[in-house]
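If you read the sequence shown in the numbering used here, its first letter stands for residue 162, the second for the next number, and so on. Idealized CB from N, CA, C, for every residue including glycine.
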Amino acid sequence: VIARDNGLERLSSSVLVVVTVDDENDEPPRFPKPVFFLDVLENQPTGTSLGVASAIDTDSPANARMEYTILKEGNDYIHFSIDPDSGVITN
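As structure tokens, then:
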């Protein structure tokens, strides 16, 4: 950037300006498949790992951190839990 005055001896000065464009959180997380099926054997001990839900977010790492939760609809959700960071589903 150059700044000049309007004097008789036009003086000027310049400076280097560096512009950094940060990633915008504009990409939603996406699951590889629209439906995720798990086969579960009955009578498994509580806390058994049943599978991993894994989504992908193409934003920069700071904007791509995800938190997994189980929707609390109906009564079946009480039998399962999900690790909010890893997506590991347990009974």
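| Check | Outcome |
| --- | --- |
| Contact the segment 182–196 vs the segment 214–223: 3+ CB pairs below 8 Å | yes |
| Nonlocal neighbours in the same chain, by C-beta distance under 7 Å from residue 162, ignoring five residues either side | 175, 176 and 178 |
| Three-way DSSP call (helix, strand, coil) for residue 239 in this model | helix |
| Assumed close pair residue 244, residue 229 - CB separation to whole angstroms, cut-off 8 Å | 7 Å |
| Beta-carbon proximity of residue 208 to residue 199, cut-off 7 Å | no |
| N- and C-terminal bounds of the beta strand (DSSP E) containing residue 169 | No beta strand (DSSP E) contains residue 169, which DSSP labels as neither H nor E. |
| Assigned exposure category for residue 239 - 16 Cβ within 10 Å defines buried | exposed |
| Contacts around residue 168, its chain only, beta-carbon distance under 7 Å, and the 5 residues preceding and following it disregarded | none |
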